[in-house]
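Counting from 34, one number per residue, gives the positions in the sequence shown under the working numbering.
One structure is given here, and the rest of the page talks about it.
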Amino acid sequence: MISFEENIDHDIYKDDVLWIMRKISIDYFHYKVVKILLTLLSIGITILTVIQTFLFLERFEGRYFVKYAPAYIATFLMVVAMQYISFSIRLAALIKRITFWTINSARVETERKIKKHAMYTNIFFLGTVIMGVISALFHIMPLDDDNELFFPLILFEEFVPNWKNFFSWMYRLNFLAVPFTLPIPIYITTYHLIKSYYQILLYLDFLKNINTGFDTTSSNNIESAEYQQVTRDRLVFCIKRHSYFYTQMREVNRKMSKFIAIFALISVLLGGSVLTFLFSFQGTFENRYPRIVTLILTAGCIFAHVIYAGQLIEEAATQVCENLKVLDWYHWNCHNRKLYLIFLQNTQKPYKTQFSQNVSINYELGLSIIKTVYSLISVLRNLQDIN
């Protein structure tokens with residue numbers, strides 16, 4: 034039988050079932066060497082972006098902008114992501130202060146379910162990162178018309194022709210940092226969502242077992258002081274945990290929302306610019322398929338993972354309300370029934386992971402993005418046919 038006591042995880046990172054995800058998303062940014070490399074990378078990207086912006090304004094032309102827009106917007110995304118990294122370290126400290134339960138707090142079956150889900154999550158996440166590294170390696174390999182994609186290569190050829198090969202390779206090697214910096218805001222969001230999902234799974238076990246240990250069909254329960262007191266204590270336990278954890282989740286989401294909203298906006302611009310470029314590119318894609326395929330697979334996996342994590346939270350939160358509705362409350366006294374009604378009222382508003390008033394991370398968001406991308410492709414294809 035479940036013991037209605039908090040089994041607090043005093044160090045959530047010590048036996049973290051999502052340890053691979055945490056190591057790559059959070060931990061390795063604490064190393065001094067990584068901080069120095071990120072600072073140098075940030076300075077280099079900022080300088081190149083400023084120069085590129087100035088030359089765009091000086092030599093502005095529609096075709097010229099469309100050609101280099103994807104790589105140009107991606108640099109802004111990199112800057113936002115690297116700014117998020119310093120914020121993520123503070124966010125990780127905030128998450129660590131939240132009272133988490135150990136995964137063996139509830140039923141053994143739930144612990145097994147969490148461990149199994151965490152194993153698949155780590156494997157999928159690691160596979161996504163490896164795919165990102167492979168894509169980076171394909172982008173490092175020079176192709177004949179790379180000057181048509183990456184504006185800095187033209188800068189090196191124009192301003193430092195004697196050193197262009199050296200600077201070109203230095204620029205290309207930066208692609209290796211992309212899988213470990215650019216998606217970091219999404220990685221951390223996904224980690225936080227799945228970590229919270231496991232806590233809700235544990236909580237559901239307690240909720241389902243409020244009447245455990247008593248014969249709920251017995252009419253004598255309403256006169257039993259022991260039954261009513263135990264029920265009251267369990268209800269108070271569940272209400273306090275529900276109120277505390279959901280408040281903490283909303284606070285973390287609120288702190289993440291600004292960065293996520295900015296990141297999402299730039300990502301939309303990047304996606305639009307990439308599609309526009311693909312439909313306007315006059316060259317051949319014959320040698321670029323490895324780049325394109327690995328890039329699309331990586332981006333698709335990252336996108337699908339965070340959408341899936343947001344949906345998990347939403348469905349688990351809905352289960353809290355649904356399980357509460359089917360509790361056997363018929364033999365509870367008036368005081369316990371009042372607690373039950375308060376509890377039920379608190380769970381009526383479905384919990385969603387929101388980063389704006391009207392946008393939540395769930396399947397609905399994923400479907401709307403897919404529809405938008407499909408519509409944009411249709412428009413670009415029609416324009417291409419007209420031309």
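The beta-carbon is built from N, C-alpha and C at its ideal position, and this holds for glycine as well.
Quick caveat: nothing in here was measured; it's all calculated off a predicted structure.
Among Pro-218, Ile-219, Leu-215 and Pro-185, whose alpha-carbon lies nearest the alpha-carbon of Met-203? Here residue 203 refers to the residue found at position 170 when the sequence shown is read from its first residue. Of the candidates Pro-218, Ile-219, Leu-215 and Pro-185, Pro-185 places its Cα closest to the Cα of Met-203.
Let me know the secondary structure DSSP gives Trp-365 once reduced to three states. The count along the sequence shown starts at 1 and reaches residue 365 at position 332. The DSSP-derived three-state label of Trp-365 is coil.
Around the C-beta of Ala-369, are 16 or more other C-beta atoms found within 10 angstroms, so that it is buried, or is it exposed? Reading the sequence shown from its first residue, position 336 is the one you call residue 369. Before going further, note that residue 369 is Asn rather than Ala in the sequence given. The residue is buried, with at least 16 neighbouring Cβ atoms inside 10 Å.
Alpha-carbon to alpha-carbon, Ile-403 and Phe-336: One-based indexing of the sequence shown puts residue 336 at position 303. One-based indexing of the sequence shown puts residue 403 at position 370. One C-alpha to the other measures close to 11 Å.
Mind pulling the alpha helix (DSSP H) runs of 4 or more residues that sit fully within the segment 79 to 137? 95 to 130
From which residue to which residue does the alpha helix (DSSP H) around Ala-169 run? On the sequence shown, residue 169 is found 136 positions in, with the first residue counted as 1. Element bounds for Ala-169: 141 to 173.
Give me the Cβ distance between Asn-40 and Trp-134, rounded to the nearest whole Å; I'm assuming they're in contact under 8 Å. For the purposes of this step, residue 40 is taken as the residue at position 7 of the sequence shown. For the purposes of this step, residue 134 is taken as the residue at position 101 of the sequence shown. Contact holds; Cβ gap of about 6 Å.
Mind checking Glu-144: buried by the 16 CB within 10 Å criterion, or exposed? The residue labelled residue 144 in the question sits at position 111 within the sequence shown. Classification of Glu-144: buried, given that the 10 Å Cβ count is 16 or more.
Give a yes or no on whether the C-beta atoms belonging to Ile-375 and Ser-229 are separated by under 8 Å. If you number the sequence shown from 1, residue 375 lands on position 342. If you number the sequence shown from 1, residue 229 lands on position 196. Not in contact: Ile-375 and Ser-229 (Cβ atoms no closer than 8 Å).
Does the beta-carbon distance from Leu-235 to Gly-343 come in below 8 Å? If you number the sequence shown from 1, residue 235 lands on position 202. If you number the sequence shown from 1, residue 343 lands on position 310. Taking C-beta atoms as the reference points, Leu-235 and Gly-343 fail to come closer than 8 Å.
Count the other C-beta atoms from every protein chain shown that fall within 10 angstroms of the C-beta of Val-211, then say buried if there are 16 or more, exposed otherwise. As a working mapping, residue 211 is identified with position 178 in the sequence shown. A residue is called buried once 16 or more other Cβ atoms fall within 10 Å of its Cβ, and Val-211 is buried on that count.
Starting from Ala-342, trace the alpha helix (DSSP H) both ways and give me its first and last residue. Here residue 342 is taken as the residue at index 309 of the sequence shown, counted from 1. 322 to 358 is the span of the alpha helix (DSSP H), which, as asked, contains Ala-342.
Among all the DSSP beta bridges, which residues are the ones paired with Gln-387? Taking the sequence shown and counting its residues from 1, the one referred to as residue 387 is at position 354. Gln-387 pairs with Ser-393.
With DSSP as the reference, identify every bridge partner of Ile-221, one or two as the case may be. Position 188 of the sequence shown holds residue 221. Ile-221 is not bridged to any residue.
Are Ser-252 and His-364 close, meaning C-beta to C-beta below 8 Å? Translated into positions along the sequence shown, residue 252 becomes position 219. Translated into positions along the sequence shown, residue 364 becomes position 331. The answer is yes: Cβ separation under 8 Å.
So Ile-131 packs on Phe-62, CB below 8 Å; how close in whole Å? Your numbering for residue 131 matches position 98 in the sequence shown. Your numbering for residue 62 matches position 29 in the sequence shown. Incorrect: roughly 20 Å between the Cβ atoms, too far for contact.
Is Val-162 buried or exposed, if buried means 16 or more other CB atoms sit within 10 Å of its CB? By one-based count along the sequence shown, residue 162 stands at place 129. Buried, since its Cβ has 16 or more Cβ neighbours within 10 Å.
What whole-angstrom Cβ distance do Met-115 and Ser-75 have, given they're in contact under 8 Å? Numbered from 1 along the sequence shown, position 82 holds the residue referred to as residue 115. Numbered from 1 along the sequence shown, position 42 holds the residue referred to as residue 75. That pair is a contact at about 5 Å.
Secondary structure of Asp-248, DSSP reduced to three states: Looking up residue 248 in the sequence shown gives position 215. Three-state DSSP puts Asp-248 in coil, outside helix and strand.
Which residues DSSP lists as bridging Ile-41, in chain order: Position 8 of the sequence shown, counting from 1, holds the residue named residue 41. In DSSP, Ile-41 forms a bridge with Trp-134.
When the Cα of Tyr-348 is compared with those of Glu-284, Asp-248 and Ile-233, which residue comes out closest? As a first step, residue 348 is located in the sequence shown; it is residue number 315 there, counting from the start. Rather than Tyr, the amino acid found at residue 348 in this sequence is Glu. Ranking Glu-284, Asp-248 and Ile-233 by Cα distance to Glu-348 puts Ile-233 first.
For the alpha helix (DSSP H) that Tyr-204 lies in, which residues bound it at each end? As a first step, residue 204 is located in the sequence shown; it is residue number 171 there, counting from the start. Where Tyr-204 is concerned, the enclosing alpha helix (DSSP H) stretches over 197 to 206.
Tyr-101 Cβ short of 7 Å to the ligand SAM heavy atom set: Although the ligand SAM was asked about, the structure shown includes no ligands whatsoever.
Considering only the alpha carbon of each residue, which of Asp-178, Ile-128, Lys-65 and Leu-330 lies closest to Asp-44? To locate residue 44, count along the sequence shown from 1; it is residue 11. Among Asp-178, Ile-128, Lys-65 and Leu-330, the Cα nearest to that of Asp-44 belongs to Ile-128.
Suppose you measure from the CA of Ile-147 to the CA of Ile-84; what does that come to, to the nearest Å? Taking the first residue of the sequence shown as position 1, residue 147 is located at position 114. Taking the first residue of the sequence shown as position 1, residue 84 is located at position 51. Their Cα atoms are separated by approximately 49 Å.
If Lys-288 sits next to Leu-124, beta carbons under 8 Å apart, how far is it from one beta carbon to the other, in whole angstroms? In the sequence shown, residue 288 corresponds to position 255, counting from 1. In the sequence shown, residue 124 corresponds to position 91, counting from 1. That pair is a contact at about 6 Å.
Which one of Asn-242, Phe-199, Leu-377 and Asp-238 has the shortest CA to CA distance from Cys-354? The sequence position of residue 354 within the sequence shown is 321, counting from 1. Closest by alpha carbon: Leu-377.
In this structure, does DSSP put Asn-242 in helix, strand or coil? The sequence position of residue 242 within the sequence shown is 209, counting from 1. Looking at Asn-242 - three-state DSSP - the assignment turns out to be coil, as it is neither helix nor strand.
Give the range of the alpha helix (DSSP H) segment to which Phe-192 is assigned. Within the sequence shown, numbered from 1, the residue matching residue 192 stands at position 159. Here the alpha helix (DSSP H) through Phe-192 covers 184 to 192.
Are there 16 or more other CB atoms within 10 angstroms of the CB of Arg-283, so buried, or fewer, so exposed? Here the question's residue 283 lines up with position 250 in the sequence shown. Arg-283 comes out exposed.
Ile-53 lies in the alpha helix (DSSP H); which residues open and close that run? Locating residue 53 in the sequence shown gives position 20, where the first residue counts as 1. Unbroken alpha helix (DSSP H) run through Ile-53: 52 to 58.
Let me know if Asp-248 comes out buried or exposed under the rule of 16 or more other beta-carbons within 10 Å of its beta-carbon. Within the sequence shown, residue 248 is the residue found at index 215, counting from 1. Exposed is the call here.
Could you check the C-alpha separation between Leu-81 and Phe-208 for me, to the nearest Å? By 1-based counting over the sequence shown, the position of residue 81 is 48. By 1-based counting over the sequence shown, the position of residue 208 is 175. Cα-Cα distance, rounded: 14 Å.
Taking C-beta to C-beta, are Tyr-224 and Met-54 nearer than 8 Å? Locating residue 224 in the sequence shown gives position 191, where the first residue counts as 1. Locating residue 54 in the sequence shown gives position 21, where the first residue counts as 1. A contact, by the Cβ cut-off of 8 Å.
On a CA-only basis, which of Ile-69, Lys-56, Pro-383 and Cys-367 is nearest Ala-258? Give me that one, please. For this step, residue 258 is matched to residue 225 along the sequence shown. For the residues Ile-69, Lys-56, Pro-383 and Cys-367, the minimum Cα distance to Ala-258 belongs to Cys-367.
Thr-154: which of Leu-240, Tyr-231, Tyr-384 and Asp-361 sits nearest, CA to CA? For this step, residue 154 is matched to residue 121 along the sequence shown. The shortest CA-to-CA distance from Thr-154 to any of Leu-240, Tyr-231, Tyr-384 and Asp-361 is the one to Tyr-231.
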